[in-house]
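*Asks:* Numbering (our numbering), first residue to last: 784 to 1014.
Yeah, the Cβ is synthetic: ideal placement off N, Cα and C, and Gly gets one too.
(1) Would you mind reading off the limits of the alpha helix (DSSP H) that contains residue 823?
(2) According to the neighbour-count rule (16 or more other Cβ atoms, all chains shown, within 10 Å of its Cβ), is residue 851 buried or exposed?
(3) Please go through the same chain and pick out, in chain order, the residues whose beta-carbon is closer than 8 Å to the beta-carbon of residue 889, but skip the five residues on each side of it.
(4) Between residue 859 and residue 808, how many whole angstroms is the CB-CB distance? I'm expecting something under 8 Å.
(5) What is the residue span of the alpha helix (DSSP H) that residue 964 lies within?
(6) Given a cut-off of 7 Å on the beta-carbon distance, is the pair residue 881 and residue 906 in contact?
(7) Is DSSP giving residue 995 helix, strand or coil here?
(8) Mind reading off the beta-carbon distance from residue 891 to residue 904? Whole number of angstroms is fine, and I expect it under 8 Å.
(9) Just reading off the alpha helix (DSSP H) that residue 892 is part of, what are its end residues?
(10) Hey, residue 833 and residue 785 are a contact pair by Cβ (cut 8 Å); roughly how many whole angstroms apart?
(11) Considering just the uninterrupted stretch of the beta strand (DSSP E) at residue 796, what are its terminal residues?
(12) For residue 909 and residue 902, which I take to be in contact (beta-carbon distance under 8 Å), what is that distance rounded to the nearest angstrom?
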């Protein structure tokens, strides 16, 4: 099952569309048994479609007891998030790219979409007025990204693209504390837009991710103190 860019043969030369999308075969009786798969792709003239060569066994699909095919009707759902959302951020006639993050971002996306050569990000960088710059590259990058996302989210409030940033980039991880001498475990779900990985001594990014999720045992002054149980 595949998703295809509409009218791809008639789009302008050099066109491109980045999209995150999911395709689903719906279980018409029990939705929790629906089969859903998601991916992302940069659609262009060479690769105008993307999907899944294997989605689910045909035997399961045609099995009447599984409720995918009911009264000769199959329901397929597609959810698509595309970068086009950036063009829906409100701007005014008096805005200038060097003073407006939304307009600078729209201008950059337009040039990326239609220019044959690489484009400059100078207008977008100039629009970051009011964002404090510091000298450390890693800290500056993290600080700049955080401030940029916050400003963009503020510009999107009460518009048709509100919460688009969250839908595209926000992910979650679980933090937990588990006691060794007590039957107690605390779990907390936290959101993030980016991970700061330690690459020192790691062979590749997968090694960095494994290092990021390693269980840390608290020792010495880092131990948690439980006054109630005297531990």
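*Replies:* Let me spell this out:
(1) Along the chain shown, one-based indexing puts residue 823 at 40. Note, residue 823: premise wrong, no alpha helix (DSSP H); beta strand (DSSP E) at 818-827.
(2) Working through the chain shown from its first residue, we reach residue 851 at position 68. Buried, by the Cβ-count rule.
(3) The sequence position of residue 889 within the chain shown is 106, counting from 1. Answer for residue 889: 869, 870, 872 and 874, listed in chain order.
(4) Translated into the one-based positions of the chain shown, residue 859 becomes position 76. Translated into the one-based positions of the chain shown, residue 808 becomes position 25. Sure, about 6 Å apart at Cβ, within 8 Å.
(5) Indexing the chain shown from 1 puts residue 964 at position 181. Run containing residue 964: none; DSSP gives neither H nor E here.
(6) Residue mapping note: residue 881 aligns to position 98 of the chain shown, counting from 1. Residue mapping note: residue 906 aligns to position 123 of the chain shown, counting from 1. Cβ distance < 7 Å, so residue 881 and residue 906 count as in contact.
(7) Counted from its first residue, the chain shown places residue 995 at position 212. If DSSP states are grouped into helix, strand and coil, residue 995 belongs with the helices.
(8) Stepping through the chain shown from its first residue, residue 891 is reached at position 108. Stepping through the chain shown from its first residue, residue 904 is reached at position 121. With a Cβ gap of about 6 Å, residue 891 and residue 904 count as contacting.
(9) Counted from its first residue, the chain shown places residue 892 at position 109. Residue 892 -> alpha helix (DSSP H) spans 884-897.
(10) Counting from 1 along the chain shown, the entry for residue 833 is found at position 50. Counting from 1 along the chain shown, the entry for residue 785 is found at position 2. Between residue 785 and residue 833 the Cβ distance is about 7 Å, and since that is below 8 Å, they are a contact.
(11) Mapped onto the chain shown, residue 796 falls at position 13. Where residue 796 is concerned, there is no enclosing beta strand (DSSP E), given that its DSSP letter is neither H nor E.
(12) On the chain shown, residue 909 is found 126 positions in, with the first residue counted as 1. On the chain shown, residue 902 is found 119 positions in, with the first residue counted as 1. Wrong, their Cβ atoms sit about 14 Å apart, outside the cutoff.
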